[in-house]
Amino acid sequence: MTIANPFSQTGIWLKANLHTHTTLSDGDRPPLARVEQYAAAGYQVLAITDHRVVAAVEPLERPGLTLLRSLEAHPICLDGPVYHLVCLNVSPAFRYDESRRPNDLIAQVRADGGEVLVAHPYWCGHGLEHILALENVIGMEVYNATCAGIGKADSTMFWDYMLAAGRFLPAVAVDDAHGPRDAFKGWTMIRAASAAVADVMAALRAGSYYASCGPEFVDVRLADGVLDVRCSAVSEIRFVCRGACGSCQWSTPGAGLTEGRFKVPASAGYVRVQIVDSQGRSAWTNPWLV
Ligand SMILES: [Zn+2]
Numbered sequence: 082m083t084i085a086n087p088f089s090q091t092g093i094w095l096k097a098n099l100h101t102h103t104t105l106s107d108g109d110r111p112p113l114a115r116v117e118q119y120a121a122a123g124y125q126v127l128a129i130t131d132h133r134v135v136a137a138v139e140p141l142e143r144p145g146l147t148l149l150r151s152l153e154a155h156p157i158c159l160d161g162p163v164y165h166l167v168c169l170n171v172s173p174a175f176r177y178d179e180s181r182r183p184n185d186l187i188a189q190v191r192a193d194g195g196e197v198l199v200a201h202p203y204w205c206g207h208g209l210e211h212i213l214a215l216e217n218v219i220g221m222e223v224y225n226a227t228c229a230g231i232g233k234a235d236s237t238m239f240w241d242y243m244l245a246a247g248r249f250l251p252a253v254a255v256d257d258a259h260g261p262r263d264a265f266k267g268w269t270m271i272r273a274a275s276a277a278v279a280d281v282m283a284a285l286r287a288g289s290y291y292a293s294c295g296p297e298f299v300d301v302r303l304a305d306g307v308l309d310v311r312c313s314a315v316s317e318i319r320f321v322c323r324g325a326c327g328s329c330q331w332s333t334p335g336a337g338l339t340e341g342r343f344k345v346p347a348s349a350g351y352v353r354v355q356i357v358d359s360q361g362r363s364a365w366t367n368p369w370l371v
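Going by my numbering, the sequence shown opens with residue 82, and the numbers climb by one from there.
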């Protein structure tokens, strides 16, 4: 798959949480209160992804917030831990059946107009082979705030192993909100033609977004083998490639880096950018195949 660079797209930026729970499963707030919470916090896209159940979004709709009718599915993995799959934008007619095989479930969601993200592979304890076995997923979670509860919020290394194995997937950050501890700790900045559901889904399918827990990218461009980055003030700019090629730039103490440049080696395989602020919070671009 070719991943779109959001900074090369026309459109608008939309702050999204793509993984959210309510009292329909194990969240602490009813759907309406959850929607009000995210609208008040300045989000423009919200997917309510309760375990095994799809919330009706029509009664929750409000101007300025695009709601994706969604759920979190848990099909059995025959040789590993049960999967956690975020199924976005299913139709009202969608019927969840936990006995379906994982790839059959993904096919059902896609036939229904939706798409599937792999949730928190590190927290689940999956091996690379379990995720490589999934067909037609459109991305994975590189960061999931609720997984900080067991010290496994960050699946960055897992993502790099996926990319090195040739599974060229983009990655989102989510908070997987269940309660006050995890809400607003990770989000995805989507560059879409508009806030309409069809345009948000098109941007998600294209990978036109970046993931963040705090820092912001201002512009990122790859041209003539050189990657240029502008961002909010950070402590580190990491240029991460396959294997041992890559580079890191650090700010001097007390200053903040707001730009970086990297000449991408021909052997890089892929390159992605990760910025880390003074509080240790990251933001991640999607990778480029080189
Ligand atoms: Zn969840």
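From the three backbone atoms N, C-alpha and C, an ideal C-beta is built for every residue, glycine too.
**Report entry** Reference K47; option with closest CA among C205, V253, S359 and R342
**Finding:** Outside the displayed span of the chain (82 to 371) sits residue 47, for which this structure offers no information.
**Report entry** Any heavy atom of ligand 1 within less than 7 Å of residue CB: hits in chain order
**Finding:** H100, H102, T130, H132, E153, H165, A200, T227 and D257
Query raised in the report: How big is the Cα-Cα spacing for L105 and I271?
Result: 27 Å
Query raised in the report: Using DSSP with H/G/I as helix, E/B as strand and the rest coil, what is Q125?
Result: coil
Query - Span of the alpha helix (DSSP H), counted from its first residue to its last, around D185 - result: P183 to A192
Report task. Report all residues from its chain with a CB closer than 6 Å to the CB of A314; omit the five preceding and five following residues, and keep chain order. Result -> G337 and T339
Query raised in the report: What separation, rounded to the nearest whole angstrom, lies between the Cα atoms of R191 and V197?
Result: Cα to Cα, the separation comes out at about 8 Å.
**Report entry** Status (buried if at least 16 other CB within 10 Å, exposed otherwise) for C168
**Finding:** buried
Query raised in the report: Can you tell me whether DSSP reads C329 as helix, strand or coil?
Result: strand
Query raised in the report: If you drop the 5 nearest sequence neighbours on each side, which residues of the same chain put their C-beta closer than 7 Å to that of R110?
Result: T103, T104 and Q118
Query raised in the report: Does DSSP put S372 in a helix, in a strand, or in coil?
Result: Residue 372 lies beyond the residue range present for the chain, which begins at 82 and ends at 371; the question has no answer from this structure.
Query raised in the report: Since Q355 sits in a beta bridge, which residues does DSSP pair it with?
Result: R319 and W365
Query raised in the report: In whole angstroms, what is the alpha-carbon distance linking L372 and L127?
Result: Outside the shown range of the chain (82 to 371) lies residue 372, about which nothing can therefore be said.
Query raised in the report: When we look at the beta-carbon of C205 and count the other beta-carbons within 10 Å, is it buried (16 or more) or exposed?
Result: buried
**Report entry** CB contact flag (Q355, G341, <8 Å)
**Finding:** no
Query raised in the report: Given P251, which residues of its chain have a CB within under 6 Å of its CB, disregarding the five upstream and five downstream residues?
Result: Non-local C-beta neighbours of P251 in its own chain, meaning closer than 6 Å and more than five positions away in sequence, comprise I84, G220, G288 and N367, ordered along the chain.
Query - Spatial distance of W94 from V357 (CA atoms) - result: 21 Å
Query raised in the report: Looking at C-beta atoms only, is the number of pairs between the segment 146-166 and the segment 265-282 that lie closer than 8 Å three or more?
Result: yes
Requested in this report: Starting from L169, trace the beta strand (DSSP E) both ways and give me its first and last residue.
Outcome: L166 to L169
Query raised in the report: Considering only the beta carbon of each residue, do C294 and H211 sit closer than 8 Å?
Result: no
Query raised in the report: Which of the three DSSP states, helix, strand or coil, is assigned to Y224?
Result: Under the three-state reduction of DSSP, Y224 is assigned to strand.
Query raised in the report: Is R311 closer than 8 Å to V299 when the C-beta atoms are compared?
Result: yes
Query raised in the report: Mapping DSSP to helix, strand and coil, what is V371?
Result: coil
Query raised in the report: Out of curiosity, what's the CA-to-CA distance linking H132 and D257?
Result: 11 Å
Requested in this report: Kindly provide the ranges of any beta strand (DSSP E) runs that are 3 or more residues long and lie completely inside the segment 244-317, ordered along the chain.
Outcome: 252-255, 268-273, 290-293, 298-304 and 307-315
Requested in this report: Would you identify the three-state DSSP class for R176, choosing helix, strand or coil?
Outcome: coil
Query raised in the report: Over what stretch of residues does the alpha helix (DSSP H) that includes L213 continue unbroken?
Result: L209 to L213
Report task. Give every residue of the same chain whose Cβ lies closer than 8 Å to the Cβ of S172, excluding the five residues on either side of it in the sequence, and list them in chain order. Result -> R150, D193, G194 and G195
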